[in-house]
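To start, the structure under review is shown below, and the notes come after it.
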């Protein structure tokens with residue numbers, strides 16, 4: 143089984159590199175935002191990098207380099 147640190151949605155914690163944030167990204171409706179443009183809402187929970195994969199696991203190696211740079215991975 144793969145570990146969390148190999149997942150596309152795992153972001154390393156700055157203070158403790160053995161832990162990180164498992165994020166999910168959702169876009170809100172344009173009508174709900176005050177500026178008239180859709181905004182990103184990032185939610186997540188703290189996990190250890192050595193935890194087993196969950197249902198939202200996506201392999202980071204399947205994502206192109208340009209896409210990882212856009213997402214800040």
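Residue numbers (this note's numbering): 143 to 215.
For each residue, glycine too, the CB sits at the ideal point set by N, CA and C.
Residue(s) in a DSSP beta bridge with residue i
i           : result
residue 196 : The partner list for residue 196 (beta bridge, DSSP) is empty, contrary to what the question assumes.
residue 190 : 161
residue 149 : 201
Endpoints, beta strand (DSSP E) assigned at residue i
i           : result
residue 153 : 152 to 154
Endpoints, alpha helix (DSSP H) assigned at residue i
i           : result
residue 210 : 207 to 213
C-alpha gap between residue i and residue j, whole angstroms
i           : j           : result
residue 165 : residue 208 : 19 Å
residue 160 : residue 191 : 6 Å
residue 150 : residue 157 : 20 Å
residue 197 : residue 163 : 15 Å
Under the three-state DSSP convention, the category residue i falls into
i           : result
residue 144 : coil
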